[in-house]
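K.L.:
Following this message is one structure expressed as structure tokens.
2 protein chains.
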Amino acid sequence: MNVFVIGIGLIGGSLAKDIREKYNEAVLFGVDNNEAHINEAIEKGIVDKGASFEELKNADIVIVSVPVDVSLTLIPKVLDIISENCLVFDVGSTKEQVCEVIKEHPKRRNFLATHPIAGTEFSGPSAALNNLYRGKTNIICEVEKTAFKLQEKALEIFSNLGMRIRYMDPVSHDKHIAYVSHLSHISSFMLGKTVIDKEKNERDIFDMAGSGFASTVRLAKSSPAMWTPIFEQNKDNVIETLTEYIQNLEHFKTLLEENNFSAIYTEMENTNHIKQILNGIQEVKLH
Amino acid sequence: MNVFVIGIGLIGGSLAKDIREKYNEAVLFGVDNNEAHINEAIEKGIVDKGASFEELKNADIVIVSVPVDVSLTLIPKVLDIISENCLVFDVGSTKEQVCEVIKEHPKRRNFLATHPIAGTEFSGPSAALNNLYRGKTNIICEVEKTAFKLQEKALEIFSNLGMRIRYMDPVSHDKHIAYVSHLSHISSFMLGKTVIDKEKNERDIFDMAGSGFASTVRLAKSSPAMWTPIFEQNKDNVIETLTEYIQNLEHFKTLLEENNFSAIYTEMENTNHIKQILNGIQEVKLH
């Protein structure tokens, strides 16, 4: 089984590691513009060897894990070159445009649009982790447009890696993911910026930061190269979530200014309900 | 050594646990309006017995770990009742008003104003943890106003519990802590609210939430009873940080609307600098 991973970073590298562990027969090929990444991935045993784009014609499986803007031009070219029974899937954080761009491609049925909800704030092959996908959700879009046998092949891999599957149309995916992922990244980046801007004049401030601060700004370590095109592709949904978030913050500020602390108490109490939701996420991780 | 802990929750309970471990001779008394908390703390071995307010006259050490509005009326009464050589310290997240309210008290020199930067999003005696304070910063305000021997006693305890000390005036404390703690709580609560409000109509949304979302909204589980009076006491500083945060979010939204993605890239890249800062926090935890 020849598995080609285009983009050997956190996401692609972690998939390669798990596939190697679950499939003895897998030969893993890394395709990456960054020569240093290929070499690092070989050294770390993430892939067996580097490969050129032309060699994709020998692939049984191609995983496309590159920034979502690159995907739009890359995936049609991958579909052009692959053989008849090859499965191609992407792992990007936006799904509407990628589904749109390949919808008329003669090899549309070789492609599966997926979004594994997994990752960390780090990037590059050194960030790749074993078992990153265990217990995580993988969202699959337009499953009916993929050849049945290739759906089966993909689901077997996802199942072996421990993922649970949710099916969703790409428009709903992009709308919902703006709330539960893209907005968190913006809130984190802007929180980091607010505090760093202050720190220019106040050197001692970070001595006072604890684990709560670390938790809320963790995502501000994320890669701008990966996230800029996500925000670009999901611009309308992200603006909607950001508008609602800012309104809620403005409302909280008004309550403070009006000394309406009983309303502030109620706001927080109502939001404490998030406990159940987060426990849900936690449970999924544990099982 | 008779140690009285007023308020046997996450913070007071964790201090009691560590003090018991480090001081064999310590007898731990719990004072709490909530009878169930006292019983739970005794059952869990956090304190030896419950005590009435009047028994504070027998205390060598009194730890005041109650909501910061309660502290303002409680601490003067505690100082009224304690004996001459008793040390009283608080652990609240705001320091200006508590220092102000006791500044003319005849027993001002028995009091030390402290803020251990430690905690979790949970509350009550069941949330108390061993070694919560190991490697954490403890901010001490107006140290010079505390009797030298009682400073020494307090520093010995903090040192035994593994804390590092930073001295700061209460006005600076409240200003800085608004950035690195209070703002994080508001951003988290309002992020949770934004997504929960959406979820009313979109039941599937939380199936898509991953660890990034969990991390940014973790603090939205925090206790409204504890946090409402913190926001009230630190209102002016919190409004300042919130104003700057909202401005940064508005700016980010404008860049999105103007399709200025190169500026968005730069914003994120500049904020990636937070890595070094967070690594700093991490290191402190590990040593």
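Taken in order, these protein sequences are the chains called U and V. Quick note: the first sequence uses full-length UniProt numbering, first residue 1, plus one each step. Quick note: the second sequence uses full-length UniProt numbering, first residue 1, plus one each step. Idealized CB from N, CA, C, for every residue including glycine. Small disclaimer: the values here were computed from a predicted structure and weren't measured.
For V78 (chain V) versus V70 (chain V), is the C-beta spacing smaller than 8 Å?
P.N.:
Here residue 78 (chain V) refers to the residue found at position 78 when the second sequence is read from its first residue. Here residue 70 (chain V) refers to the residue found at position 70 when the second sequence is read from its first residue. Contact flag unset, no.
K.L.:
Where do the N-terminal and C-terminal ends of the alpha helix (DSSP H) with G212 (chain V) fall, by residue?
P.N.:
Walking along the second sequence from the start, residue 212 (chain V) turns up at place 212. 211-217 is the span of the alpha helix (DSSP H), which, as asked, contains G212 (chain V).
K.L.:
Looking at the secondary structure, which residues open and close the beta strand (DSSP E) in which N110 (chain U) lies?
P.N.:
Walking along the first sequence from the start, residue 110 (chain U) turns up at place 110. It is not in any beta strand (DSSP E) - N110 (chain U) carries neither H nor E in the DSSP assignment.
K.L.:
Using beta carbons (cut-off 8 Å, strictly below), is N260 (chain V) in contact with chain U?
P.N.:
For the purposes of this step, residue 260 (chain V) is taken as the residue at position 260 of the second sequence. So no, N260 (chain V) is outside the interface.
K.L.:
With DSSP as the reference, please indicate the residues paired to Y167 (chain V) in a beta bridge.
P.N.:
One-based indexing of the second sequence puts residue 167 (chain V) at position 167. Note: Y167 (chain V) sits in a beta bridge opposite V:I140.
K.L.:
With a CB to CB cut of under 6 Å and the five nearest residues on each side skipped, what residues in its chain are close to K107 (chain V)?
P.N.:
Translated into the one-based positions of the second sequence, residue 107 (chain V) becomes position 107. Taken in chain order, the residues that qualify are L79.
K.L.:
Note down, in chain order, every chain V residue with its Cβ under 8 Å from the Cβ of R207 (chain U).
P.N.:
The sequence position of residue 207 (chain U) within the first sequence is 207, counting from 1. The sequence shown places Asp at residue 207 (chain U), not Arg. Per Cβ cutoff of 8 Å: T137, R166.
K.L.:
Indicate the three-state DSSP secondary structure (helix, strand or coil) for F89 (chain V) in the structure shown.
P.N.:
In the second sequence, counting from the first residue as 1, residue 89 (chain V) sits at position 89. Reduced to three states, the DSSP call for F89 (chain V) is strand.
K.L.:
Flag G92 (chain V) as yes if its beta-carbon sits less than 8 Å from any beta-carbon of chain U, otherwise no.
P.N.:
The sequence position of residue 92 (chain V) within the second sequence is 92, counting from 1. Taking Cβ atoms only, chain U never reaches closer than 8 Å to G92 (chain V), which makes this a no.
K.L.:
Quick check on L219 (chain U) - is its C-beta less than 8 Å from some C-beta in chain V?
P.N.:
Within the first sequence, the letter at position 219 stands for residue 219 (chain U). With 8 Å as the cut-off, L219 (chain U) counts as an interface residue toward chain V.
K.L.:
Does any residue of chain V bring its CB to less than 8 Å from the CB of H273 (chain U)?
P.N.:
Taking the first residue of the first sequence as position 1, residue 273 (chain U) is located at position 273. H273 (chain U) counts as touching chain V.
K.L.:
Which residue marks the beginning of the beta strand (DSSP E) containing N2 (chain U), and which one marks its end?
P.N.:
If you number the first sequence from 1, residue 2 (chain U) lands on position 2. It spans 2-6 - the beta strand (DSSP E) in which N2 (chain U) sits, taken as one unbroken run.
K.L.:
With a threshold of 8 Å between beta-carbons, can residue 293 (chain U) be considered close to chain V, or not?
P.N.:
The question about residue 293 (chain U) has no answer, for chain U in this structure spans 1 to 287.
K.L.:
Leaving out five residues before and five after S123 (chain U) in sequence, what residues of the same chain have Cβ atoms less than 6 Å from its Cβ?
P.N.:
Here residue 123 (chain U) is taken as the residue at index 123 of the first sequence, counted from 1. Cβ within range, chain order: G9, L10, S223.
K.L.:
Verify whether the separation of the beta carbon atoms of H182 (chain U) and T228 (chain U) is less than 8 Å.
P.N.:
As a working note, residue 182 (chain U) is residue 182 in the first sequence. As a working note, residue 228 (chain U) is residue 228 in the first sequence. Contact flag unset, no.
K.L.:
Verify the CB distance criterion: does S181 (chain U) have a CB-CB separation below 8 Å to chain V?
P.N.:
Counted from its first residue, the first sequence places residue 181 (chain U) at position 181. By this cut-off, S181 (chain U) is an interface position.
K.L.:
Using the beta-carbon of each residue, which ones in chain V are nearer than 8 Å to Y133 (chain U)?
P.N.:
Stepping through the first sequence from its first residue, residue 133 (chain U) is reached at position 133. By Cβ distance, chain V contributes nothing, its closest Cβ being about 11 Å from Y133 (chain U), past 8 Å.
K.L.:
Does the beta carbon of Y23 (chain U) sit closer than 8 Å to a beta carbon anywhere in chain V?
P.N.:
Translated into positions along the first sequence, residue 23 (chain U) becomes position 23. It does not; no Cβ of chain V falls within 8 Å.
K.L.:
Do we get a CB-CB distance below 8 Å when we pair V238 (chain V) with the residues of chain U?
P.N.:
Position 238 of the second sequence, counted from the start, is the residue given in the question as residue 238 (chain V). Yes, because at least one Cβ of chain U sits closer than 8 Å to the Cβ of V238 (chain V).
K.L.:
If contact means a Cβ-Cβ distance below 9 Å, which residues of the stretch 89-113 of chain U contact chain V?
P.N.:
Here the close residues number zero.
K.L.:
For H251 (chain V), write down the residues that DSSP places opposite it in a beta bridge.
P.N.:
As a first step, residue 251 (chain V) is located in the second sequence; it is residue number 251 there, counting from the start. H251 (chain V) is not bridged to any residue.
K.L.:
Only counting the same chain, and skipping five residues up and downstream in sequence, which positions put a Cβ closer than 7 Å to that of G45 (chain V)?
P.N.:
In the second sequence, counting from the first residue as 1, residue 45 (chain V) sits at position 45. There are no such residues.
K.L.:
Going by beta carbon distance, what residues of the same chain come within less than 6 Å of I264 (chain U), once the five residues before and after it are set aside?
P.N.:
Taking the first residue of the first sequence as 1, we reach residue 264 (chain U) at position 264. Cβ neighbours of I264 (chain U) beyond the five flanking positions: L255.
K.L.:
Would you kindly work out how many angstroms separate the C-alpha atoms of K193 (chain V) and A214 (chain U), rounded to a whole number?
P.N.:
Sequence index remark: in the second sequence, residue 193 (chain V) carries index 193 (1-based). Sequence index remark: in the first sequence, residue 214 (chain U) carries index 214 (1-based). Roughly 21 Å separates the two Cα atoms.
K.L.:
Under 8 Å, with one C-beta from each stretch per pair, do the stretch 147-160 of chain V and the stretch 173-182 of chain V reach the 3-pair mark?
P.N.:
Contact between the stretch 147-160 of chain V and the stretch 173-182 of chain V is absent, because fewer than three Cβ pairs lie under 8 Å.
K.L.:
Please tell me whether L191 (chain V) and S184 (chain U) are closer than 8 Å, where the distance is taken between their beta carbons.
P.N.:
In the second sequence, counting from the first residue as 1, residue 191 (chain V) sits at position 191. In the first sequence, counting from the first residue as 1, residue 184 (chain U) sits at position 184. In this structure, S184 (chain U) lies closer than 8 Å to L191 (chain V) by Cβ.
K.L.:
What in chain U is Cβ-close to V195 (chain V), meaning under 7 Å?
P.N.:
In the second sequence, counting from the first residue as 1, residue 195 (chain V) sits at position 195. In chain order: Y179, V180.
K.L.:
Which two residues bound the contiguous beta strand (DSSP E) that contains V27 (chain V)?
P.N.:
Along the second sequence, one-based indexing puts residue 27 (chain V) at 27. Start and end: 27-31.
K.L.:
As a quick exercise: from V:E54, V:V3, V:H37, pick the residue whose alpha carbon is nearest that of A26 (chain V).
P.N.:
Against the second sequence, residue 26 (chain V) aligns to sequence position 26. Residue V:V3 is the option with its Cα nearest to A26 (chain V).
K.L.:
Take F189 (chain V) and list the residues in its own chain whose beta-carbon comes closer than 6 Å to its own, dropping the five residues that flank it on each side.
P.N.:
Working through the second sequence from its first residue, we reach residue 189 (chain V) at position 189. Counting only Cβ-Cβ distances below 6 Å, and skipping sequence neighbours, we find A220.
K.L.:
Helix, strand or coil for T73 (chain V)? Go by DSSP, reduced to three states.
P.N.:
Reading the second sequence from its first residue, position 73 is the one you call residue 73 (chain V). Correct three-state label for T73 (chain V): helix.
K.L.:
In terms of DSSP beta bridges, what is T114 (chain V) paired with?
P.N.:
The residue labelled residue 114 (chain V) in the question sits at position 114 within the second sequence. V:I140, per the DSSP bridge assignment.
K.L.:
When you compare each of V:E144, V:N110, V:D169, V:I38 to G13 (chain V) by their alpha carbons, which one comes out closest?
P.N.:
The sequence position of residue 13 (chain V) within the second sequence is 13, counting from 1. The shortest Cα separation from G13 (chain V) among V:E144, V:N110, V:D169, V:I38 belongs to V:I38.
K.L.:
Does E283 (chain U) pass the burial test, meaning 16 or more other C-beta atoms within 10 Å, or should it be called exposed?
P.N.:
Translated into the one-based positions of the first sequence, residue 283 (chain U) becomes position 283. Residue placement at E283 (chain U) is flagged as unreliable, the pLDDT there being 39, under the threshold of 50; the coordinate-derived value follows with that caveat. Counting Cβ neighbours within 10 Å, E283 (chain U) comes out exposed, since fewer than 16 surround it.
K.L.:
Can you name, in chain order, every residue of its own chain whose Cβ lies under 6 Å from the Cβ of V238 (chain V), other than the five neighbours on each side?
P.N.:
For this step, residue 238 (chain V) is matched to residue 238 along the second sequence. Closer than 6 Å at the Cβ level, and outside the excluded window around V238 (chain V), lie A178, H182, F231.
K.L.:
What residues in its chain sit with their C-beta under 6 Å from that of residue 290 (chain V), if we drop five residues either side in the sequence?
P.N.:
Outside the shown range of chain V, which is 1 to 287, sits residue 290 (chain V), and nothing can be said about it.
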